[in-house]
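Chemist: My questions will all concern the structure given below.
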């Protein structure tokens, strides 16, 4: 059925901002790349259909892709905030492999980082919930941000409409609502999944599983799916079932906690080190059934039905409901006198059970005259929360020749609001009122003895519970207060705008290029608009939440079956001498330690290599000063500056880097490379013993939350030149640059109303400057032995980056030796010396200056390391040409500039495939 073309290896349906909150469905059933975004956002109920078995890829393949999601700014009406909207950077790798023609295995790994400002609640505009953050500038006082401020007084008319006081008109009704934003800490999620399947002639069975890990959320799942074919495989029945278990441990927003009422979850909140941690567990069961029918040579239809049962903690722990409490005893009967409402923030409460049913259909038609295919999709879902959702999608897959395919697409989505959704609530009771006993007497208590109760008679005299008069002047009596009656509130409530009624319309295009070598490249862009007015059947009454967003991605797929077939045909045309030369050359090139970049060259003009590199490094333990361990008091006094004393130091730091290696040989002596990077880092801090006391308004890293950053790093462009190529000896030089695609202006989120400014030097994603990367590499082989050495440097070509500094230059020298244990396995030992200069310049924007990691002098040094590595090269069979390498680098000696955290080691793992 090749005539029934798909849109390519990458699907582009964004469902993360729609319908109900479900991290579970995205973790357990996602098959498309952009569904990777759903775990921390809202998921269309129809996602549960994804777990039904679909056709496996027809060939063995490996693919990588990068996805960028970015929201537009929200309308805050009265505050011009510089808070950046939500952005998500995603990198994903996946593979599909067939063993013995019947056994199929697939895997996927996704890492994404979220950052930016997110809505925490909705409130009447008159409540001024987005409190402006002001800053002095040469032009006067300017607004630089906003902070959530929910607890306030709101004036209402006697119909409970919010009132605004205006200079000219006095009190006027202002029905506008506004989203209350809070800056979100960068958060990185790691997600992995696998599937193992077996195919019979007319049936298939798959077993899969996976996990999703975040700082505040963990889930794991398992599922089973399969297919039965009938009618000469023109009819297929698909089925699937899965189970997911998840646990939430969310650190409540420290900027919102002072205003937050969380009594409904008192038994689920743990208070530790100044943080409040809300915990909850959840379970999800899914079942799916589908039918695919081929109607003829040019068309097919597909229908699915899916059911999901969810139970447990269904709330979004970062969303609150604005409740305006109105004390009925304080309402003046005169309708001209406004009512004073007491606006408060309560953690949202959702039902702890949810049942979802989704129906989906798809029609594919080949358009022969144009050699194109039309894809039409419709999904309908509903649940017992009252959400009814419709999705219409249309794709036109148009080949345009020379391996190019263009796929324009359009999508419309609409949903009704949940039956417990409301922008805000009004409760006809006081938030707090005087406590009374069973006889209706007001209760007082002594501040110094709060467990003893006192009462007051009509003469103003106080007496105790036994009726004895007391001398109030000898006591510190205060009226006891009791909180609102939760029974007078709805059982469930949420102001999460993603549960409101709205519609979304999107359009985009996918461009795909297939190369004869078995390589497929793809790029896509899709733009969305979310609008209350687009809701099917009428306005969704949530226009305050309207915004636009876009999704873009780039992907590369390596079809190893196509490559193996082409190479088998080509090998038959080569003579024995050429084959032996290539074999010896590949042996020398492939056995290079994993941590060595630019360590080998392709030998044949027109040859291509695609690879993946993962690097992990860890710092933990003592702080060093030069070569010696530093005491806390020394760090406090000397680690920052003469004026600023250190208050914190890092306790541990982890760095992970994912790099895609793409190399092409236009000639025998020249190779060209491009190496995009995706990095993420996390750091935890500790208070230094002997630190100066806390200063009000100064950023303090109280609480248990660490720092996380992640996203696109710098991109390397490299050319390699062969200088010497003799039997057993190769020498080549590299000249390249590093383009500053990684951010260097990442900021700490606000903590307890205090700004932290730019995050630490080591937590930024790149250098921020164009850098020159010269290198020289020699490799040699003799029998089973192999060896080599490399000189490598980094020279910063700009005096400073946009944040006011430049990283130090780097020089590194490596030498290694190894032994080929078998025809496919080698082991090596490597010695490394690295010099890294200190940082020049300094931050030109505000930084909290809390510890040594915020000062340029505490960067760089001299480092001696030992690397132990193994190399694996598949010599024959259908996976011939795949090469793997692993190396652990152990620090031997460290002589650091200033005060730095001790290095504990690092791991590098690589895969590359040449053809």
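Residue numbers (the working numbering): 11 to 925. Positions of the beta carbon are idealized from the N, C-alpha and C atoms, including for glycine.
Between residue 300 and residue 248, which are expected to be in contact by the criterion C-beta below 8 Å, what is the C-beta distance as a whole number of angstroms?
Modeler: 4 Å
Chemist: Would the segment 320–338 and the segment 284–299 be scored as touching if the rule is three or more Cβ pairs under 8 Å?
Modeler: yes
Chemist: Is it right to say residue 427 is buried, meaning 16 or more other beta carbons lie within 10 angstroms of its own, or is it exposed?
Modeler: Buried: at least 16 other Cβ atoms inside 10 Å.
Chemist: Relative to the C-alpha of residue 737, which residue among 112, 716, 796 and 902 is closest?
Modeler: Per the Cα distances, 796.
Chemist: Does the segment 673–683 come into contact with the segment 889–901, if we say contact requires no fewer than three beta-carbon pairs (one atom in each stretch) closer than 8 Å?
Modeler: no
Chemist: According to DSSP, is residue 225 part of a helix, a strand, or is it coil?
Modeler: coil
Chemist: Within a Cβ cutoff of 7 Å, which residues of the same chain sit near residue 557, ignoring the five residues on either side of it in sequence?
Modeler: 81, 82, 84 and 540
Chemist: With a cut-off of 8 Å, do at least 3 Cβ pairs link the segment 135–142 to the segment 102–120?
Modeler: no
Chemist: Express the C-alpha separation of residue 832 and residue 791 in angstroms, rounding to a whole number.
Modeler: 15 Å
Chemist: Can you tell me whether DSSP reads residue 807 as helix, strand or coil?
Modeler: coil
Chemist: Measure the C-alpha to C-alpha separation of residue 500 and residue 547 and round it to an integer number of angstroms.
Modeler: 27 Å
Chemist: How about the segment 122–131 and the segment 231–245: do they share at least three Cβ pairs that are nearer than 8 Å?
Modeler: no
Chemist: For residue 10, report the span of its beta strand (DSSP E) as first-last.
Modeler: No answer is possible for residue 10: the residues shown for the chain start at 11 and end at 925.
Chemist: Going by beta carbon distance, what residues of the same chain come within less than 8 Å of residue 553, once the five residues before and after it are set aside?
Modeler: So the qualifying residues of the chain are 541, 542 and 543.
Chemist: Span of the alpha helix (DSSP H) holding residue 647?
Modeler: 642–648
Chemist: Specify the secondary structure class of residue 39 as computed by DSSP and reduced to three states.
Modeler: Its pLDDT being 32, under 50, residue 39 is placed unreliably by the model, and the measurement read from it follows with that caveat. DSSP places residue 39 in helix when its eight states are reduced to three.
Chemist: Under 7 Å, do residue 643 and residue 700 count as touching if we go by C-beta distance?
Modeler: yes
Chemist: According to DSSP, is residue 179 helix, strand or coil?
Modeler: coil
Chemist: Going by DSSP, which residues form a beta bridge with residue 325?
Modeler: In the DSSP output, where bridge partners are listed per residue, residue 325 has none listed.
Chemist: Grab me the residues of residue 215's own chain with a C-beta within less than 6 Å of its C-beta, minus the 5 sequence neighbours each way, in chain order.
Modeler: 208 and 236
Chemist: Among 493, 251 and 503, which one has its Cα closest to the Cα of residue 361?
Modeler: 503
Chemist: Quick one: is residue 457 buried, meaning 16 or more other Cβ sit within 10 Å of its Cβ, or exposed?
Modeler: exposed
Chemist: Determine the DSSP secondary structure at residue 504, reduced to helix, strand or coil.
Modeler: strand
Chemist: Taking only the alpha-carbon atoms, compute the straight-line gap between residue 835 and residue 603 and give it to the nearest angstrom.
Modeler: A direct Cα-Cα distance of roughly 12 Å separates residue 835 from residue 603.
Chemist: Starting from the C-beta of residue 480, find all residues in its chain whose C-beta is less than 8 Å away, skip the five residues before and the five after it, and write them out in chain order.
Modeler: Taken in chain order, the residues that qualify are 464, 472, 473 and 474.
Chemist: Alpha carbon to alpha carbon, what distance is there between residue 842 and residue 913?
Modeler: Residue 913 and residue 842: Cα-Cα distance of roughly 14 Å.
Chemist: Taking the Cβ atom as the reference point for each residue, do residue 752 and residue 723 lie within a distance shorter than 7 Å?
Modeler: yes
Chemist: For residue 438, which three-state DSSP category applies?
Modeler: Three-state DSSP puts residue 438 in coil, outside helix and strand.
Chemist: Measuring only the C-alpha atoms, how far is residue 881 from residue 893?
Modeler: 8 Å
Chemist: With a 10 Å radius around its C-beta and 16 neighbouring C-beta atoms as the bar for buried, classify residue 383 as buried or exposed.
Modeler: By the Cβ neighbour-count rule, residue 383 is buried, with 16 or more other Cβ atoms within 10 Å of its own.
Chemist: Would you please state the rounded distance, in angstroms, between the beta carbons of residue 729 and residue 741? I believe it to be under 8 Å.
Modeler: That belief does not hold up - the Cβ atoms of residue 729 and residue 741 are roughly 15 Å apart, past 8 Å.
Chemist: Do you know offhand how far residue 398's Cα is from residue 754's?
Modeler: 44 Å
Chemist: Round the Cβ separation of residue 923 and residue 904 to the nearest angstrom and send it over; I've been treating them as touching at under 8 Å.
Modeler: About 36 Å; that fails the 8 Å criterion.
Chemist: Taking the continuous beta strand (DSSP E) assigned at residue 350, which residues delimit it?
Modeler: 349–357
Chemist: Which same chain residues end up closer than 7 Å to residue 698 when comparing Cβ atoms and leaving out the 5 residues on each side of it in sequence?
Modeler: 642, 645, 646, 656, 657, 658 and 659
Chemist: Answer yes if the segment 486–496 comes into contact with the segment 395–414, meaning at least three C-beta pairs across the two stretches below 8 Å, and no otherwise.
Modeler: Because the criterion of three Cβ pairs below 8 Å is not met, the segment 395–414 and the segment 486–496 do not touch.
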